[in-house]
Amino acid sequence: MSYPGLTFALMVGVAIGTAIYYYFKSENTNQHYQYRNQDSYDCYAPPPAISEGCDTLPSTKRRRNSNVPQNCTICLDKLKSGKTRRISCGHIFHDNCITMWFRTSHTCPNCRAEQL
Numbered sequence: 001m002s003y004p005g006l007t008f009a010l011m012v013g014v015a016i017g018t019a020i021y022y023y024f025k026s027e028n029t030n031q032h033y034q035y036r037n038q039d040s041y042d043c044y045a046p047p048p049a050i051s052e053g054c055d056t057l058p059s060t061k062r063r064r065n066s067n068v069p070q071n072c073t074i075c076l077d078k079l080k081s082g083k084t085r086r087i088s089c090g091h092i093f094h095d096n097c098i099t100m101w102f103r104t105s106h107t108c109p110n111c112r113a114e115q116l
């Protein structure tokens with residue numbers, strides 16, 4: 001015994017229920033993204049870069065047997081004997097690496113201490 005009217009009503013009910021579910025789900029998602037985007041500009045904006053003063057950082061020559069890290073944490077190359085810079089928090093980087101870093105940020109790449 002087949003009930004075509006009941007089957008049709010059940011299919012229409014499932015279709016309407018699914019449409020309502022996706023409508024409210026997408027509306028809630030859009031509200032979430034709008035709320036999140038409003039706050040992200042206020043709280044998570046990158047700090048301004050250091051445009052002046054990079055040349056005042058102390059420049060050092062690295063010695064082979066010194067007690068400094070072996071790698072530059074910006075480029076990940078070894079800190080061979082050559083020109084390096086020590087910033088105010090004490091971390092040491094290649095001269096070129098830290099100069100380029102300070103064009104986009106004013107914090108230490110390792111500890112995020114401000115370098116103003």
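At position 88 of the sequence shown the residue is numbered 88 (the UniProt record's numbering), and the sequence of numbers has no breaks.
Glycine included, C-beta positions come from ideal geometry on N, C-alpha and C.
Check, Outcome
"Cα-Cα separation, TYR104 to LYS80", "A quick correction: the sequence has Thr, not Tyr, at residue 104. Cα-Cα distance, rounded: 25 Å."
"Nearest-angstrom beta carbon gap, ARG85 and ILE98 [assumed within contact, 8 Å]", "5 Å"
"Closest Cα partner of LYS83 within the set GLU114, CYS108, LEU76, HIS94", "HIS94"
"CYS89 versus GLN70, GLY5, THR107, SER26, residue with shortest Cα-Cα distance", "THR107"
"Segment limits, beta strand (DSSP E) that includes THR107", "Neither: THR107 is in no beta strand (DSSP E) and is coded neither H nor E."
"PHE8, DSSP secondary structure in three states", "helix"
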